[in-house]
Amino acid sequence: QAIAQRTDYCHENRVVWPDGSIHWIEAKGKFFYNEAGDAVRMVGTVTEITDRKARELQLRLLESAVTTTNDAVLITEAEPIDEPGPRILYVNPAFTRMTGYTLEEVLGKTPRILQGEKTDRASIERIRTALETGQPVRVDSINYRKDGTEFWVEMSIVPIADQTGGFTHWVSVHRDISDRKLAEAALQQLNEQLEMRVLQRTRELESSQAELRESEALFRSLSESSPVGIFKIDTEGKCTYTNPRCQAIGGFTPAAALGNGWMRFVHREDIKLILSKWSESQSLDGEFSCEFRHIQRDGTIRFCRLKTAPIFSDRDQLIGHVGTITDITESRAIEKMKNEFISIVSHELRTPLASIRGSLGLLAAGVLKDQPETAKQMLEIASSDTERLVRLVNDILDLERLESSQVILVKQWCDAQVLMRKSAEAVLSVAAENNINLSILPETAKIWADPDRIVQLLVNLLSNAIKFSAAESTVTVRVEDLGDSLRDSYASRVLFEVKDRGRGIPADKLETIFGRFQQVDASDSRQKGGTGLGLAICRSIVQQHGGRIWAESVVSEGSSFYFTVPAPLEGEGGKSLEF
């Protein structure tokens, strides 16, 4: 090939020496040609490059480590130390994730772009001194991301020298330690509070031995009545410490839970859950939390919430976890009482409300003709308010049944186009009253769902869209088969969209509107007649189907509400409908 292209020859390959060892060589040659253009000889060299190949491999390994590490890595020039400072030559992907700056954005700039108002001046001076003397340095300081938010970082900076011993570059490794600093601040505050309490108690001790006994009793009482239990476990999952509150929650002695003893006090069905969470956190060096049933010595079951955080050594090695245990038995009981209360109130209100509605209906129809016109108008208002109360009670009942899993979904394969058409027909009169056009796009799909609940869901969304749309505008409903692009327990999913051209929803309301009794504007309940429960019901229906619901909106331009439900692998077409 070199002869054909009349270029110099260069090739690298491995050779086996007489002693059996394998070495790399580089062969280079130059061809000489006669007058006819034919190659007649070659002069070249053969160089042993085994060491160079080893260095190249080492460089590739180092490059891989720098690229994949979770710590941010910066490489800068060695000079200048003074303004504007050494320029950035390289940052790894972790730097972009940590700060928001890409390599292109910081290339040629200095690390000072990460500094801000709260950056520690003393730490900066330490770095400057190290740079001037060519010494490595390690400091903690506050840096600022591209979006202006601040975070704590641990910086390790080391100089890189060339063969002559002169410094050519600086390598800086940044680690986000914001969580650790928050924990340290909380611990410092607790220490200060403890120091103040000890100082106060010490002064009291100097005045009277009786006050000493009183302070000790008070301290013991406060410790034993703490609502949070604290424990420590090692890297093998063995308990090494429990505080008095933890012992009180579990009903065991200080020594009973040590080692693997804690398993005796956990419901057997929950041990696997805890060990699985713990094992996962071990592999990720992260925290974990879960709820479990605690079995006391007398057999009583208490519901507890557990949360842990990893503990690292000075060499950044995981040495265990520290955690808290909170008894949530009472809060669960309160939640159950609340649900029972809702059930009782609904039973007690429905019967009298039905009677009131019937009586007011007769009066509003003029059955009592001797009543003045003003009284009739007042009764009509009362009838309207009663209807609203009935809707409210029905919505509350529907929502509670959905959230408590009392509603059994009758799922079947449904044609999405049919469900959209039924929903549109249900709100057609309301749309006509408000001079709103309804449009159903022609696409369709098969879904695995309860058709009545999906129609209820679509009617709620369409009703809201009609209420908040301007006259002569169009509300559009469509469906899209997403195929298997969302991989989960179903083969595929179908996306529904209800779109209006109304006033829109502020960004800070896009999530909260799915809560109970939530409105974009407090006056909507009075002016539009809603209960504030429609979207909460929609969310419960979608969640019962294993789907997701959300909203997107631009103020003054309109809103789109989306939800997904399970679907078969293929959809079917349909015809466009206009109402």
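Numbering follows the numbering used here, in which position 42 of the sequence shown is assigned residue number 851; successive positions increment by one, without gaps. Cβ atoms here follow ideal geometry from the backbone N, Cα and C, with glycine treated the same way.
message = So, for H983: in the same chain, excluding its five sequence neighbours on each side, which residues have a beta-carbon less than 6 Å away from its beta-carbon?
response = To locate residue 983, count along the sequence shown from 1; it is residue 174. Around H983: A881, V962, M964.
C-alpha gap between K1116 and T1133, whole angstroms = Along the sequence shown, one-based indexing puts residue 1116 at 307. Along the sequence shown, one-based indexing puts residue 1133 at 324. One alpha carbon belongs to K1116, the other to T1133, and they sit about 5 Å apart.
task = Give the range of the beta strand (DSSP E) segment to which G1038 is assigned.
result = Along the sequence shown, one-based indexing puts residue 1038 at 229. 1037-1043 is the extent of the beta strand (DSSP E) around G1038.
message = Can you tell me where the beta strand (DSSP E) holding R1111 begins and where it ends?
response = Counting from one through the sequence shown, the residue named residue 1111 turns up at place 302. DSSP places R1111 in the uninterrupted beta strand (DSSP E) bounded by 1110-1121.
task = State the beta-bridge partners of L1304 as determined by DSSP.
result = Looking up residue 1304 in the sequence shown gives position 495. Answer is E1289, T1373, bridged to L1304.
request  = Would you kindly check if the distance between the Cβ of L898 and the Cβ of T885 is under 8 Å?
outcome  = Translated into the one-based positions of the sequence shown, residue 885 becomes position 76. Translated into the one-based positions of the sequence shown, residue 898 becomes position 89. With respect to L898, T885 sits close: the two C-beta atoms are nearer than 8 Å.
ask   = Cα separation between R1296 and G1356?
value = Indexing the sequence shown from 1 puts residue 1296 at position 487. Indexing the sequence shown from 1 puts residue 1356 at position 547. Note that R1296 has pLDDT 47, beneath the 50 cutoff, so the model's placement of it is unreliable and no number is given.
query = Which two residues bound the contiguous alpha helix (DSSP H) that contains A1241?
reply = Translated into the one-based positions of the sequence shown, residue 1241 becomes position 432. First-last of the alpha helix (DSSP H) with A1241: 1237-1242.
inquiry  = Tell me which residues share the same chain as L1082 and place their Cβ nearer than 7 Å to its Cβ, disregarding the 5 neighbours each side in the sequence.
reply    = Against the sequence shown, residue 1082 aligns to sequence position 273. Excluding positions up to five away in sequence, the list reads C1099, F1101.
key: Terminal residues of the alpha helix (DSSP H) in which M907 lies   = Numbered from 1 along the sequence shown, position 98 holds the residue referred to as residue 907. From DSSP, the alpha helix (DSSP H) with M907 extends over 902-908.
task = Count the other C-beta atoms from every protein chain shown that fall within 10 angstroms of the C-beta of Y910, then say buried if there are 16 or more, exposed otherwise.
result = Locating residue 910 in the sequence shown gives position 101, counting from the first residue. With 16 or more neighbouring CB atoms inside 10 Å of its own CB, Y910 falls in the buried class.
Whole-angstrom distance between S1368 and T1285, CA atom to CA atom = To locate residue 1285, count along the sequence shown from 1; it is residue 476. To locate residue 1368, count along the sequence shown from 1; it is residue 559. Answer to the nearest angstrom: the Cα atoms are 11 Å apart.
key: DSSP bridge partner residues for A836 (one or two, in chain order)   = By 1-based counting over the sequence shown, the position of residue 836 is 27. Per DSSP, H820, V855.
ask   = Looking at the structure shown, is L1267 part of a helix, part of a strand, or coil, going by DSSP?
value = Locating residue 1267 in the sequence shown gives position 458, where the first residue counts as 1. If DSSP states are grouped into helix, strand and coil, L1267 belongs with the helices.
ask   = Looking at the structure shown, is H1156 part of a helix, part of a strand, or coil, going by DSSP?
value = One-based indexing of the sequence shown puts residue 1156 at position 347. Annotation note: pLDDT 49 at H1156 (below 50); position unreliable, no value reported.
Other residues of its chain near Y1299: CB distance less than 6 Å, five sequence neighbours each side excluded = Your numbering for residue 1299 matches position 490 in the sequence shown. Note on Y1299: pLDDT 47, under 50, position unreliable in the model; the coordinate value appears next. Leaving aside the five residues that flank Y1299 on each side, the residues in its chain whose CB is nearer than 6 Å to its CB run, in chain order, P1375.
Cβ neighbour criterion (16 or more within 10 Å) applied to H820 = Here residue 820 corresponds to residue number 11 of the sequence shown, with the count starting at 1. Around the beta carbon of H820, a 10 Å sphere encloses fewer than 16 other beta carbons of the protein chains shown; the residue is thus reported as exposed.
request  = Please confirm whether R1287 and E1252 have their CB atoms less than 8 Å apart.
outcome  = For the purposes of this step, residue 1287 is identified with residue 478 of the sequence shown, where counting begins at 1. For the purposes of this step, residue 1252 is identified with residue 443 of the sequence shown, where counting begins at 1. For R1287 and E1252, yes; Cβs fall inside 8 Å.
ask   = For M907, does the count of other Cβ atoms within 10 angstroms reach 16, so buried, or fall short, so exposed?
value = On the sequence shown, residue 907 is found 98 positions in, with the first residue counted as 1. Classification of M907: buried, given that the 10 Å Cβ count is 16 or more.
ask   = Which same chain residues, not among the five before or five after E1361, have their C-beta less than 6 Å away from its C-beta?
value = Within the sequence shown, the letter at position 552 stands for residue 1361. The residues are S1369.
key: Simplified DSSP state of D1107, which is helix, strand or coil   = On the sequence shown, residue 1107 is found 298 positions in, with the first residue counted as 1. Looking at D1107 - three-state DSSP - the assignment turns out to be coil, as it is neither helix nor strand.
inquiry  = Using only the alpha-carbon positions, how far apart do L1218 and E1078 sit?
reply    = Numbered from its first residue, the sequence shown carries residue 1218 at position 409. Numbered from its first residue, the sequence shown carries residue 1078 at position 269. The alpha-carbon atoms of L1218 and E1078 are separated by roughly 28 Å.
query = Within 10 angstroms of its Cβ, does S1092 collect 16 or more other Cβ (buried), or is it exposed?
reply = Indexing the sequence shown from 1 puts residue 1092 at position 283. Only exposed fits S1092, as fewer than 16 other CB atoms lie within 10 angstroms of its CB.
inquiry  = So, at 7 Å on beta carbons, what are the nonlocal neighbours of V849 in its own chain, with the 5 sequence-adjacent residues on each side left out?
reply    = Taking the sequence shown and counting its residues from 1, one reaches residue 849 at position 40. The answer, listed in chain order, is F841, Y842, N843.
query = Under a three-way DSSP split, which group does T958 fall into?
reply = As a working mapping, residue 958 is identified with position 149 in the sequence shown. In this structure, T958 counts as coil in the three-state DSSP scheme.
ask   = What are the partner residues of L1247, as DSSP defines its beta bridges?
value = Working through the sequence shown from its first residue, we reach residue 1247 at position 438. Paired residue(s): V1284.
key: Host beta strand (DSSP E) of L883 (start-end)   = Taking the sequence shown and counting its residues from 1, the one referred to as residue 883 is at position 74. Here the beta strand (DSSP E) through L883 covers 881-886.
query = Rounded C-beta distance between A887 and H978? I'm assuming under 8 Å.
reply = Here residue 887 is taken as the residue at index 78 of the sequence shown, counted from 1. Here residue 978 is taken as the residue at index 169 of the sequence shown, counted from 1. With 8 Å as the limit, A887 and H978 qualify as a contact, their Cβ atoms being about 6 Å apart.
query = Short check: CB of N1269 to CB of G1343, under 8 Å?
reply = If you number the sequence shown from 1, residue 1269 lands on position 460. If you number the sequence shown from 1, residue 1343 lands on position 534. Judged by beta-carbon spacing, G1343 lies within the 8 Å limit of N1269, meaning their Cβ atoms are closer than that value.
message = Looking at the strands, I want to know which residues DSSP matches up with G1132.
response = In the sequence shown, the residue the question calls residue 1132 occupies position 323. F1040, T1117, per the DSSP bridge assignment.
Nearest to M1072 (by Cα), restricted to the options G1095, R1106, D1094, E1089 = To locate residue 1072, count along the sequence shown from 1; it is residue 263. Comparing Cα positions, the closest option is R1106.
query = Going straight from the alpha carbon of F904 to that of D985, what length do you get?
reply = As a working note, residue 904 is residue 95 in the sequence shown. As a working note, residue 985 is residue 176 in the sequence shown. Near 10 Å, if we compare the C-alpha coordinates of D985 and F904.
task = State buried or exposed for A1254, treating a residue as buried only when at least 16 other CB atoms are found within 10 Å of its CB.
result = Taking the first residue of the sequence shown as 1, we reach residue 1254 at position 445. Label assigned to A1254: buried.
ask   = Since V1236 and I1275 are thought to touch, with beta carbons under 8 Å apart, how far apart are those beta carbons, to the nearest angstrom?
value = As a working note, residue 1236 is residue 427 in the sequence shown. As a working note, residue 1275 is residue 466 in the sequence shown. Distance from V1236 to I1275 at the Cβ level is roughly 6 Å; contact confirmed, criterion being Cβ atoms closer than 8 Å.
message = Assuming contact is defined by CB atoms lying nearer than 8 Å, are V846 and Y818 in contact in what I supplied?
response = Your numbering for residue 846 matches position 37 in the sequence shown. Your numbering for residue 818 matches position 9 in the sequence shown. With the sequence shown as reference, residue 846 is identified as Gly, and Val is not the correct amino acid for it. Here G846 is not near Y818, since their CB atoms are 8 Å or more apart.
query = So S1278 and R1310 are in contact, right, with Cβ under 8 Å, and what is the actual spacing, rounded?
reply = Against the sequence shown, residue 1278 aligns to sequence position 469. Against the sequence shown, residue 1310 aligns to sequence position 501. Taking a contact as a CB-CB distance under 8 Å, the pair S1278 and R1310 counts as one, their CB atoms being some 6 Å apart.
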